[in-house]
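First to last, the sequence lines map onto chains C and V.
Numbering-wise (the working numbering), the first sequence opens with residue 23 and increments by one.
Numbering-wise (the working numbering), the second sequence opens with residue 6 and increments by one.
Here a beta-carbon is modelled for each residue, glycine too, at the ideal position from N, C-alpha and C.
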Amino acid sequence: DQQVKQNSPSLSVQEGRISILNCDYTNSMFDYFLWYKKYPAEGPTFLISISSIKDKNEDGRFTVFLNKSAKHLSLHIVPSQPGDSAVYFCAASALTQGGSEKLVFGKGMKLTVNP
Amino acid sequence: DTEVTQTPKHLVMGMTNKKSLKCEQHMGHRAMYWYKQKAKKPPELMFVYSYEKLSINESVPSRFSPECPNSSLLNLHLHALQPEDSALYLCASSQDTDSGHRGTEAFFGQGTRLTVV
């Protein structure tokens, strides 16, 4: 049972245009959401996060939107650059009973930005 | 230093072997994690250590044995693995939640590509 879903396996956009990556979740206990980017042969690297008490967080070309009632978040990259081509993972975080933070990842989406 | 270093990068082991994966960070993070990632799948949490104590074990088989000898090091001891255990094993670290940090980024290592033959 997937708690974090990225339903589109891939996306291809032209350089300079907007990339929109979507993510849905099912568990209401998640209270932080994060996006990670992964290049081949490297570990995931953190991009941006958002708390469940906010609906938008912006960092340079990256903006994450959260619709809590729909249990949906999206990552907008504008303008897209060829160097953004990578696999993007959506992740959701919840605190466990022991006080540790647990991250659950989506399957990832491969973004290709064409020059 | 914002690196998480994992060794070895690649490991091939037989089903009767005993081996260990190592992970090191010097960011002062007190939460450390092991994830397993199979091809075309998301990273799946295996273990979480918080302040050198095991706080989460995601029902991982006992042939995987984690160890946190100090706040900078995390090991994963492997024994009697099966071919289906072949995967990328990722270590990560983050600031602890006790000090109020939530949703802060976890830094990942490059991973160890494990092949069990």
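When the distance is taken between beta carbons, is residue 48 of chain V closer than 9 Å to residue 41 of chain V?
Counted from its first residue, the second sequence places residue 41 of chain V at position 36. Counted from its first residue, the second sequence places residue 48 of chain V at position 43. When the beta-carbon positions are compared, residue 41 of chain V and residue 48 of chain V come within less than 9 Å of each other.
Given a limit of 7 Å on CB to CB distance, which residues of the stretch 49-63 of chain V reach chain C?
Residues of the stretch 49-63 of chain V whose Cβ lies closer than 7 Å to any Cβ of chain C, in chain order: 50, 53, 55, 60 and 61.
From the DSSP output, which residues share a beta bridge with residue 91 of chain C?
Along the first sequence, one-based indexing puts residue 91 of chain C at 69. Residue pairing by DSSP places residue 91 of chain C in no beta bridge whatsoever.
On the DSSP bridge list, what partners appear for residue 42 of chain V?
The residue given as residue 42 of chain V occupies position 37 in the second sequence. According to DSSP, which records beta bridges pairwise, residue 42 of chain V is partnered with V/93.
Evaluate residue 15 of chain V with the Cβ neighbour count: other Cβ atoms within 10 Å of its Cβ, from every protein chain shown; 16 or more gives buried, anything less gives exposed.
Indexing the second sequence from 1 puts residue 15 of chain V at position 10. Residue environment: residue 15 of chain V is assigned as exposed (fewer than 16 neighbouring CB atoms within 10 Å of its CB, all protein chains considered).
Grab me the residues of residue 59 of chain C's own chain with a C-beta within less than 6 Å of its C-beta, minus the 5 sequence neighbours each way, in chain order.
Against the first sequence, residue 59 of chain C aligns to sequence position 37. Beyond the five residues adjoining it in sequence on each side, residue 59 of chain C comes within less than 6 Å, by CB distance, of 67, 69, 108 and 110 in the same chain, given in chain order.
Please list the residues of the stretch 100-128 of chain C that have a C-beta atom closer than 7 Å to any C-beta atom in chain V, keeping them in chain order.
Under the 7 Å Cβ criterion, the stretch 100-128 of chain C contributes 111, 115, 117, 118, 120, 121, 122, 123, 124, 125, 127 and 128.
Let me see if you follow: with CB-CB separation under 9 Å, is residue 80 of chain C close to chain V or not?
Indexing the first sequence from 1 puts residue 80 of chain C at position 58. Interface criterion not met: the Cβ of residue 80 of chain C is under 9 Å from no Cβ in chain V.
In angstroms with no decimal places, state the Cα-to-Cα distance between residue 43 of chain V and residue 127 of chain C.
For the purposes of this step, residue 43 of chain V is taken as the residue at position 38 of the second sequence. For the purposes of this step, residue 127 of chain C is taken as the residue at position 105 of the first sequence. Per the coordinates, the alpha-carbon of residue 43 of chain V lies some 13 Å from the alpha-carbon of residue 127 of chain C.
Please confirm if residue 9 of chain V has its CB atom under 9 Å from at least one CB of chain C.
Residue mapping note: residue 9 of chain V aligns to position 4 of the second sequence, counting from 1. A Cβ of chain C is located within less than 9 Å of the beta carbon of residue 9 of chain V.
Local Cβ density within 10 Å of residue 39 of chain C, reported as buried at 16 or more and exposed below that:
If you number the first sequence from 1, residue 39 of chain C lands on position 17. It counts as exposed.
Of the listed residues C/125, C/74 and C/112, nearest to residue 44 of chain C (C-alpha basis):
Translated into positions along the first sequence, residue 44 of chain C becomes position 22. Residue 44 of chain C has its Cα closest to that of C/112, out of C/125, C/74 and C/112.
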